[in-house]
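20 is the number of the first residue of the sequence shown in this note's numbering; add one for each residue after it.
By construction, the Cβ of each residue, glycine as well, lies at the ideal position given by its N, Cα and C atoms.
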Amino acid sequence: AAAWLLLVLLAAGLPAQDRKTLEQKRDALDKQIRTTSTLIEQAKKEQASAQEQVQLLARQIAAREELVRTFDSELRRLERRIEEDQDKVQRLEEDLARLKEEYGRMLRFAYRNRSSYDRLSYIFASESFTQAYRRSRYLDQIATHRRRQAELIEGTRDTLEATIAGLKEQQAEKVALREGQVAERSRLAGDRQGRQTALNALRKEEGRLKAQLKKQEKQRNELDAAIRRIIEEEVRRNKGSNKGTFTLTPEALELSADFEKNKGKLPWPVERGVITSNFGRQPHPVLPGITIENNGVDITTEKGAPVRAVFRGTVTSVIVIPGAGKAVVLDHGAYRSVYSNLRDARVAKGDKVDTKQPIGTVMTEDNSSKAHIEIWKISGSGLEKVDPALWLFRQ
């Protein structure tokens, strides 16, 4: 029974890690939803483009769906724990009843041998010295066992009471989680309805949206070509100095290695924001049957927000894109980070910048403030664009 009790106590701590992980995930999603909600309200207040509101609502819906799934996981975990603890209570009650029964038998035996005279009579009635010694040892063992049995009963009772108290707390937590889940489902339904209403209104403006898309594609292609020219020129100069081979200096190699070590841990280029357009090919947020190609990620943020370097490096270029503001390119060894859609640049070519140092201010167009970031990698096979979302710290 004592060994079983130890296993019970050890097992009680096992789900704690799962619980902590789920709670951390729920907290992170709550924070993301609060940020998105603030940006949605700001977009409505400043009459930002309906398309931006649709994109923000899409992110809000995705976050709420993930939050509902997290609630589901937490409830399943809690229900399993409650079921395990209910089984534990039943086993503890059975153990307690058995221990009490054994203890009762011991007390009855002790009562029959309650006096020193009875104890001595029992010992002296032995047929030999060896038997008398064994009877004396037996009585001592009975007394010791009785004390241990009393301690075991007390420990089992304490464990039982603690488990029952824990069950009550878990039942209360389950009620709170269920209420949170119901409330989140209701908010999710409201977001879906709001997004559909906005989509229906936007689809009536298909001509304007297609013209806007054409303009954005032109600006994106100009930025892509400018970045490629800049990096390819750097590579050509490097090869010219290193007998036709692209070679990094020891300092640049160290910088590249440090950059790679921080994959998934880089700070966001804005203090508060939500990714509203992912990397790569994806469907247009409004127009059915149309896909767009994004070389980086777009982060909707607050109006006038400073844009920060995601890692230390050197400014290799400040580019001006007609109608699309400025872009800054930073050198991180074999990597380049690009920050565009900037109203202004706070750095110049050749400047050394630190992680999180402001390099510009996000541009606001149609009351929409979006920072665009790209990450390029220079390798032996050429230039490669990588998904910045995989490099940024997961909020």
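For residue j and residue i, the rounded distance between their alpha carbons
i, j, result
"A217", "G315", "26 Å"
"P325", "K368", "19 Å"
"R327", "L179", "56 Å"
"K107", "E120", "20 Å"
"D243", "E393", "10 Å"
"F265", "F278", "19 Å"
"N240", "K234", "10 Å"
"I52", "L111", "44 Å"
"T320", "I246", "24 Å"
"R38", "R96", "8 Å"
"P341", "E225", "25 Å"
"R124", "R167", "14 Å"
"K375", "Q43", "25 Å"
"L274", "R248", "23 Å"
"K193", "E98", "8 Å"
"L28", "Q150", "In this prediction, L28 scores a pLDDT of 40, lower than 50, which makes its location untrustworthy; the coordinate-derived value is nonetheless stated afterwards. Spanning the two alpha carbons is a distance of roughly 42 Å."
"K229", "Q212", "24 Å"
"E422", "E198", "Not covered by the structure: residue 422. The range shown for the chain is 20 to 414."
"E252", "E236", "24 Å"
"S147", "A184", "55 Å"
"R227", "I250", "35 Å"
Close Cβ partners of residue i (< 6 Å) along its chain, the five nearest in sequence each way excluded
i, result
"D104", "T182, L186"
"R153", "none"
"P377", "P325, R327, R365"
"T268", "none"
Proximity of residue i and residue j at Cβ, strictly below 7 Å
i, j, result
"V293", "T55", "yes"
"S296", "V329", "no"
"R222", "L76", "no"
"A343", "Q238", "yes"
"E93", "L207", "no"
"N313", "F298", "yes"
"A364", "V337", "yes"
"D177", "I80", "no"
"A191", "V289", "no"
"D350", "G379", "no"
"L86", "L48", "yes"
"V366", "Y358", "no"
"T89", "R45", "yes"
"T57", "L115", "no"
"V334", "D370", "yes"
Proximity to residue i [Cα-Cα], best of the options
i, options, result
"K258", "G399, S92, E42, Q74", "G399"
"I101", "D114, Q189, L171, A116", "Q189"
"A353", "R153, D114, A271", "A271"
"D373", "P269, F412, L285", "L285"
"R83", "T175, S205, A116", "S205"
"L118", "E98, R96, E170", "E170"
"N386", "E113, Q43, R255, Q61", "Q61"
"K50", "R291, E198, R99", "R291"
"D91", "A230, S147, E203, Q109", "E203"
Sequence-distant residues of its chain with Cβ nearer than 8 Å to residue i (five each side left out)
i, result
"G401", "none"
"L232", "H303, L306, I309, I311"
"F412", "G283, K284, L285, P286, W287"
"T383", "K322, G323, R362"
"I59", "Q72, L75, L76, Q79"
"I172", "L115, L118, K119, Y122"
"I318", "W287, P288, V289, G292, V293, I294, T295, K389, A390, H391, I392"
"A276", "G352"
"R256", "none"
Spatial neighbours of residue i in its chain, beta-carbon cut-off 7 Å, leaving aside the 5 residues before and after
i, result
"A69", "A217, A220, L221"
"N360", "A343, G344, V381, M382, K389, A390, H391"
"K396", "A353, Y354, E403, V405"
"A408", "I294, N297, F298, V316"
"R463", "For residue 463 there is no data in the structure shown, the boundaries of the chain being 20 and 414."
"W410", "K282, G283, L285, I394"
"Q109", "none"
"V254", "F265, I397"
Practice task
Identify every run of the alpha helix (DSSP H) within the region 356-410, keeping only runs that are complete inside it and at least 4 residues long; order them along the chain.
Solution key: If we require 4 residues or more, the region 356-410 turns out to have no alpha helix (DSSP H) run fully inside it.
Exercise for the section: Give, in chain order, every unbroken run of the beta strand (DSSP E) that is at least 3 residues long and sits entirely within the region 237-309. Expected result: Listed in chain order, they are 292-296, 299-302.
Practice task
Could you tell me which uninterrupted alpha helix (DSSP H) segments, each at least 4 residues in length, are contained entirely in the region 187-218, listed from first to last along the chain?
Solution key: Counting only runs of 4 or more, we get nothing.
Handout entry: Segments of 4+ residues assigned as alpha helix (DSSP H) that fall wholly inside the region 47-100
Key = Qualifying alpha helix (DSSP H) stretches: none in this window.
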